[in-house]
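Data block below; observations after.
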Amino acid sequence: MKEAVIITGALGGIGRALCEEFHAHGFYVVALDRSAGSVAAHDVRQCDIRELAVDAGKRLRLAEDIGALLDAEGCALAGLINNAAIQILGGVTTLSERQWRETLETNLLAPFFLAQAFLPRLEASHGAVINISSIHEKLTKTGFVAYATSKSALSGLTRAMAVDLGSRVRVNAICPAAIHTPMLEAGFAEKPEAFTALHEAHPSGRIGTPDEVAQLARYLVSDAPPFLTGSCLGLDGGIAGRLHDPV
């Protein structure tokens, strides 16, 4: 039986790399994104992950539709990669209730409810859930209050789900530091010196690439030992271990 993966946030920099990695290694790829577009996948669906978090009917229909597709293709669901996320910048005095809800529904609730919706298929194949968390789960900076909180909660959810599901489904998280995506590069278009400094701040001498996130995700789905579950794996070029003093 062929193996399939579902990847959310498929049209972003990391999402595209995830699709390409799994597709290149023979997986049947189902790609989800709120925007329309093409990507290396067998089936691309436009849907808003946040809506799936708050609308049980939409989740049920999506699970039924994708389930029917996988049955028709003779595929077992080997992995769910929860990659979709939003990053709303704001501090304690400026974040609104709407911004909090949007952040938590997208970055935390959607991954949980999608895993719940596809759990029977993941259990049947002894599959894996991979949550794309962030270095912000533990280390953050000014203006990332909602985002850092949501990623810390996602890593906590990863550990709790692993405990709850035991050997039935492996659940792990990847916690990347800065990743060289087109969106990140565009943000530094007018300050190249700051982009160079960002690279140099990492002990690795550079920031990460989307391909490196994708390679680790595929390893966790297909090659990792079954005993590896409930882990939040840093992919950070060593920066999480670096002490930043003012002098």
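My numbering applies: residue 20 is where the sequence shown begins, and numbers increase by one. A virtual CB, placed ideally from N, CA and C, is assigned to each residue, including glycine. All figures in this text were calculated on a predicted structure; none of them were measured in a lab.
Item	Value
Does leucine 247 come out as helix, strand or coil in the three-state DSSP assignment?	coil
Tell me whether threonine 27 sits in a helix, a strand or coil according to DSSP, three-state version.	strand
In the DSSP output, what is proline 195 paired with across the bridge?	Leu254
Between histidine 56 and the rest of its own chain, which residues show a CB-CB distance below 7 Å, the 5 nearest in sequence each way excluded?	Position check: residue 56 holds glycine in this sequence, whereas histidine was assumed. Only Leu30 meet the Cβ criterion.
Work out the CA separation of histidine 199 and glutamate 212 for me, nearest whole Å.	15 Å
In whole angstroms, give me the CA-to-CA distance for leucine 108 and threonine 159.	12 Å
Below 7 Å CB to CB, which residues in the same chain sit around threonine 161 once its five sequence neighbours on both sides are set aside?	Gly110
I'd like to know if alanine 233 contacts chain B, where contact means its C-beta is closer than 7 Å to some C-beta of that chain.	You won't find chain B in this structure, because it holds only one protein chain.
Sorted by chain position, which residues of the same chain lie with C-beta nearer than 7 Å to tryptophan 119's C-beta, five sequence neighbours on each side aside?	Ala165
Exposed or buried, what is alanine 197 when buried is set at 16 or more other beta-carbons lying within 10 Å of its beta-carbon?	buried
Identify the residues that DSSP records as bridge partners of alanine 62: which are they?	The sequence given here has aspartate at residue 62, not alanine. Aspartate 62 pairs with Val49.
How far does the beta strand (DSSP E) with valine 73 in it extend, from its first residue to its last?	Segment 68 to 73 is the alpha helix (DSSP H) holding valine 73; no beta strand (DSSP E) there.
Residues in its own chain within less than 7 Å of isoleucine 193 by CB, not counting five upstream and five downstream?	Ile149, Ile151, Ser152, Val232, Leu235, Ala236, Leu252 and Leu254
Look at the alpha carbon of proline 222 and the alpha carbon of alanine 179, and state the distance between them as a whole number of angstroms.	31 Å
State the DSSP-derived secondary structure class of isoleucine 33, mapped to helix, strand or coil.	helix
Using a Cβ-Cβ cut-off of 7 Å (strictly less than) and excluding sequence neighbours within five positions of threonine 248, which residues of its own chain qualify?	Ala181, Arg189, Val190 and Asn191
Mapping DSSP to helix, strand and coil, what is isoleucine 154?	helix
Where does alanine 95 fall in DSSP's three states?	strand
Please list, in chain order, all residues of the same chain as leucine 176 whose beta carbon is under 8 Å from its beta carbon, the five residues on each side excluded.	Leu127, Pro130, Phe131 and Asn150
Based on the DSSP output, what are the partners of isoleucine 100 in its beta bridges?	Ile26 and Ile149
What number of angstroms, rounded off, separates the C-alpha of proline 139 from the C-alpha of glycine 185?	14 Å
What would DSSP say about valine 190, mapped onto helix, strand or coil?	strand
Following the continuous alpha helix (DSSP H) through aspartate 230, name the residue where it begins and the one where it ends.	229 to 237
Closest by CA to glutamine 106, which one among Phe163, Tyr238 and Gly45?	Phe163
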